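For reference, the structure discussed in these notes is given below.
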Amino acid sequence: MKPLLKVRWATVCVVLAMASSWVGCTRKSNDPPGTLHLALIEKIKGMDPAQADDLYAGNMVHLVYESLYQYHYLKRPYQIVPNLAAALPEISADGKTYTIKIKQGVLFQDDASFKASSCKGRELVADDIVYSLKRLADPKTVSSGWWVLEGKIVGLDDWRAASTKAGTTDYSAPVAGLKAVDRYTVQIQLVQRNYQFIYGLAMPFTGIVPREAVEAYGKEFLNHAVGTGPFKLTEYNPAAKLVFAKNPTYRDETYPSEGEAGDQEKGLLADAGKKLPFADKLVYTIYVESQPQWLTFMKGGLDATSIPKDNYAQAVTPTQGLTDEMKKLGVELHRSPSLDVTHETFNMADPVIGKNKLLRQALSTAYDPVPLLELFYNNRAIAAQGPIPPGLAGYDPAFKSPYRQFSVEKAKELLAKAGYPGGKGLAPIDYATVSSSTSRQMNEYFQKQMAAIGVQVKFNTYSWPEFQAAIKNRKGQMWGFAWGADYPDAENFLQLFYSKNTSPGPNDSNYSNPEFDRLYEKSLTLADSPERTALYVKMAQMVVEDCPWIMGVHRLNYGLTQKWLKNYKYHDIQHGIAKYLRVDPALKK
Amino acid sequence: MTSGEAGGGMAVLATSPVESGVAKNEPKGRSLWADAVRRFRKDRMAVACLAVIAFYAVIAILARFELIASPWDTVIGGAYDPPSLQSLAHSFGTDIFGRSVFYKVIHGTRIAMSVGLVASLIAIPIGVTLGALAGYFGGWIDEAIVWFYTTLSSIPNIMLLIAITFVMGKGMGAIYVALGVTSWIGLCRVIRGEFIKHKSRDYVVAASSLGASHGSRIFKHILPNVSHFVIINLSMQFMGAIKAEVILSFLGLGVQGQPSWGVMIDDAKLELARGVWWQLAGATVAMFFVVLAFNIVGDALRDALDPKIK
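As they're listed, the protein sequences go chains A and B. Quick note on the working numbering: the first sequence kicks off at 1 and runs consecutively. Quick note on the working numbering: the second sequence kicks off at 1001 and runs consecutively.
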């Protein structure tokens, strides 16, 4: 699950960077040459893979922990490649049995919890995979990532239920569909064919953890990191700064030697075949406000940054090139579409707004996307017509939602049909929001648009965790939200409308439509095919007609990197790409 | 902040307590109030500042009844038009939605003044009543009240404000109450101290021997003699509330959907990066003059009214 603040996401993405002085004006640094200096925009909730349910924690977790699979760094469309696994799984003819061989000789990082081997990290074996997946299912772990496995593996749901009932978890109790066949082989039995299952095995939630460390640290495991990954956590201050060092026992993993067309020319293959990671040290600083982050980048203290909306004109010209100021610095602009969608959610569980489709359609029609794009995204986004972003099968570029073509007259007409002519009789809409300056400006804009058809809006402001809690408890009639893809399949967006995923699950609008559910369940059993794409298109249109969301925008990601940062390529899905990045100290002088 | 903290060692000074009857019998003497007015008027700066406050008040009232700068939320230009002389509305430029910053400053004045007034009207009765009860009765009542306000004041003010706005939800009502119920402590201390001092004075003893009830002694006899502290406190209270409203709104806890100086400064936090300085300038200049004026008037009032400083 990857819910994001719509505003923050723009600033988000992976943000990379490097420090020390570039014209001798900044602070002195003791960091070795080639240290990466990167930025994060939210506090980190912890280093436990089972809790890594937002982008920021996910990024940190995947530096230290690894999952069985990962995405190819350079190839597009996104492609699953082995990580801890030795190869892609062997899947039986009925699509239900996955046999996964894991790499041999992979070591956990040295840690005090490995008492048997006097603090030396031991080898990763198939039992660790079984343990880590069971741990995600363990009710005591209280993982927000259980949905990744829920209902999918034979016997795992029963094992979870038995643990809940017994009050203690017995990891030695067998799960029929999840077992280690030998030291390096895991076999997973699925309840039914599922084409999205493998994506779950690439998410931070399924990062492989050693049982010794989990048991030794107990609750404190959240603040420790003992994985097999390329970096070791050396300094942990989740509200301000995280420092990582190269993991000396990291296995031989090399930079990809193939990419998509054009990567060669961009120099993205210059390091092909070289051992990862490149950086000896990695410093992540947390910038909650965008201005300090921007200024640090401008002084050369960060290797990469996103562009805050208010600095956009300083960096990018109207013709989408870099400004002279930026060219002089030698920075590089990276532009790529994000697999995401922002939306204003209607709470379908609300008796007023949830029961009145015409009312929702009226509000949707009254919300003009054009100024929204200009004022808040510097036109770095396109108006969304449906829930599926461009770049995924199921997105139809020709489709125009009838309720996203701004028209005050039509909105008033719909509002009158809904039973509230001129907004009369409608109580002010209870809108939940987070407290940030940009959110407030967006809310003012929404309020203004609704006032034009006579609808009043009342705001309830929360902090980010409170806001999430309010939504999970179905409080409020509307709120703004965004969803970024967990994996490159439109199913990840359509599951947001599946009735079994309603709050506290990811279906925050609490939309429920038996016909939609039927199509959704059918689509799960289909491989990527025109038939499945047609189903996706149909489901998306059902959602548009029922209007549980006012579709917002699909964003374009704009990032800047310093001239000395090599191998940067925007990746929508893969977390923890820092292992591929390299700083050229010669260019920093 | 508060002037003349209670319990100062200066016992009884020459000024006699004001009793309306007494004043009548001495045609040549001036009452404390008349004397204060005379002294206040000699302070030209203070008079000028009082005029500034009056000006703000008039602006606020006119804006309240939508006689000027109305409506504030009409779009008069593009986003972030710089200040220009083409009309009064454009004189401070426009904001992100193309609305007049000048109008927002005017309506921000309305919000600020109303917050100052209402918060003071809530705080003063609480402070005076509790202070009077504690000072007059002493004993366990005093201890309870002192314990209560000491505890309350040990909580950092901003925390308390945030907590109250979270409980009450957002909006003007919450701000009024939050500021009102957190800002009476200073006044309460002063009034308590004065009551302790006054309750054993001759005129109170005399009143009591004539059979005046507690209520009559508190409200009819002592209170008029300490009421100048309320006036002095009012000006400080007012200014404190204006500042607090700006801070709360800046933090996103204040006024929703209405122009406020704090919200404008919060906007400016983002906009300064793109060179938009006029919202910050408009809000801070407006705030600067009214806060300064209240400060100077507050000082002058203390000089004029406090018999200890003559």
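Positions of the beta carbon are idealized from the N, C-alpha and C atoms, including for glycine. These figures come from a predicted structure and were not determined experimentally.
Inter-residue spacing [alpha-carbon to alpha-carbon] between residue i and residue j
i	j	result
Leu201 of chain A	Tyr69 of chain A	6 Å
Tyr511 of chain A	Val543 of chain A	9 Å
Ala527 of chain A	Gly301 of chain A	46 Å
Gln109 of chain A	Thr228 of chain A	6 Å
Tyr246 of chain A	Thr234 of chain A	The amino acid occupying residue 246 of chain A in the given sequence is Lys; Tyr does not appear at that position. Each residue's Cα considered, the two are about 10 Å apart.
Tyr65 of chain A	Pro204 of chain A	8 Å
Leu88 of chain A	Leu494 of chain A	26 Å
Ile1162 of chain B	Gly262 of chain A	54 Å
Ala1023 of chain B	Trp1033 of chain B	Residue placement at Ala1023 of chain B cannot be trusted, given a pLDDT of 46 that sits under 50; what the coordinates show is reported in the next sentence. Those two C-alpha atoms are separated by around 11 Å.
Ala17 of chain A	Leu36 of chain A	Its pLDDT being 34, under 50, Ala17 of chain A is placed unreliably by the model, and nothing is read from it.
Phe1148 of chain B	Asp53 of chain A	44 Å
Lys674 of chain A	Gly321 of chain A	Given a span of 1 to 589 for chain A in the structure shown, any question on residue 674 of chain A remains unanswerable.
Asp127 of chain A	Val106 of chain A	13 Å
Ala366 of chain A	Arg1302 of chain B	56 Å
Glu344 of chain A	Asn443 of chain A	11 Å
Lys28 of chain A	Asp310 of chain A	Note on Lys28 of chain A: pLDDT 49, under 50, position unreliable in the model; the coordinate value appears next. Their Cα atoms are separated by approximately 29 Å.
Ile1141 of chain B	Asn1157 of chain B	25 Å
Glu289 of chain A	Ile41 of chain A	7 Å
Gln1258 of chain B	Gly267 of chain A	52 Å
Phe1223 of chain B	Lys1199 of chain B	The amino acid at residue 1223 of chain B is misidentified as Phe; the sequence shows Leu. Computed Cα separation, rounded: 10 Å.
Ala270 of chain A	Glu253 of chain A	16 Å
Gln187 of chain A	Lys140 of chain A	24 Å
Gly1116 of chain B	Thr1284 of chain B	17 Å
Within chain B, partners of residue i - CB distance below 8 Å
i	result
Lys448 of chain A	Asp1073, Phe1097
Ser306 of chain A	Ordered by position in chain B, no residue passes the 8 Å Cβ test against Ser306 of chain A, which lies about 14 Å from the chain.
Ser436 of chain A	Gly1252
Glu42 of chain A	Those do not exist, as Glu42 of chain A stays about 17 Å from chain B at its closest Cβ, beyond 8 Å.
Leu375 of chain A	Ala1079, Ile1096, Phe1097
Glu444 of chain A	Phe1097, Gly1257
Contact with chain C by residue i, beta-carbon distance below 8 Å
i	result
Gly1169 of chain B	No chain C is part of this structure, whose protein chains are labelled A and B.
Residue from the options whose Cα sits closest to the Cα of residue i
i	options	result
Met1264 of chain B	B:Val1246, B:Ile1124, B:Ser1227, B:Tyr1056	B:Val1246
Tyr250 of chain A	A:Gly454, A:Glu123, A:Asp368, A:Ser499	A:Glu123
Leu496 of chain A	A:Gly476, A:Pro548, A:Gln456	A:Pro548
Ser622 of chain A	A:Gly155, A:Arg160, A:Lys522, A:Lys538	Chain A is shown from 1 up to 589; residue 622 of chain A falls before or after that span and cannot be answered.
Thr1074 of chain B	B:Ile1096, B:Gly1139, B:Ile1053	B:Ile1096
Asp303 of chain A	A:Ala432, A:Lys566, A:Gly145	A:Lys566
Ala470 of chain A	A:Glu491, A:Ala451, A:Phe446, A:Gly505	A:Gly505
Val1101 of chain B	B:Leu1234, B:Asp1299, B:Ser1084	B:Ser1084
Pro371 of chain A	A:Val288, A:Ala362, A:Ala383	A:Ala383
Thr169 of chain A	A:Val181, A:Glu215, A:Val148	A:Glu215
Asp1081 of chain B	B:Ile1296, B:Gly1098, B:Ile1232, B:Ala1134	B:Gly1098
Phe406 of chain A	A:Ala349, A:Gly552, A:Gly155	A:Gly552
Phe297 of chain A	A:Met326, A:Ala534, A:Leu524	A:Met326
Ile1068 of chain B	B:Leu1179, B:Ala1079, B:Tyr1056	B:Tyr1056
Interface residues of chain B facing residue i [CB-CB closer than 7 Å]
i	result
Ser257 of chain A	What Ser257 of chain A touches in chain B: nothing, since even the nearest Cβ is about 42 Å away.
Glu235 of chain A	Per Cβ cutoff of 7 Å: no residues; Glu235 of chain A is ~30 Å from chain B at best.
Contact check, residue i vs residue j, beta carbons under 8 Å
i	j	result
Ile208 of chain A	Ser67 of chain A	yes
Ala173 of chain A	Ala162 of chain A	yes
Ile1145 of chain B	Leu1130 of chain B	yes
Leu63 of chain A	Gly576 of chain A	yes
Tyr184 of chain A	Val130 of chain A	no
Leu339 of chain A	Asp572 of chain A	yes
Ser436 of chain A	Gly1215 of chain B	no
Lys281 of chain A	Asp31 of chain A	yes
Trp1278 of chain B	Phe1092 of chain B	yes
Ile286 of chain A	Lys232 of chain A	no
Leu363 of chain A	Val455 of chain A	yes
Ile1191 of chain B	Val1226 of chain B	yes
Asp430 of chain A	Lys458 of chain A	yes
Contact list for residue i against chain A, beta-carbon separation under 8 Å
i	result
Ala1273 of chain B	Gln291, Trp294, Pro308, Asp310, Asn311, Gln314
Closer than 7 Å at the beta carbon, the chain A residues around residue i
i	result
Gln1256 of chain B	Phe459
Chain-ordered neighbours of residue i on chain B, where CB pairs are closer than 9 Å
i	result
Arg440 of chain A	Gly1252, Gln1256, Val1263, Asp1266, Asp1267
**Positions along the segment 1258-1271 of chain B whose CB lies within less than 9 Å of some CB in chain A** = Val1263, Asp1266, Asp1267, Lys1269, Leu1270, Glu1271
**Request:** Check distances from the C-beta atoms of the segment 1053-1081 of chain B to those of chain A and list, in chain order, the residues that come in under 8 Å.
**Result:** Asp1073, Ala1079
**Item:** the segment 179-195 of chain A: positions lying closer than 7 Å to chain B by Cβ
**Value:** Of all residues in the segment 179-195 of chain A, none has a Cβ within less than 7 Å of some Cβ in chain B.
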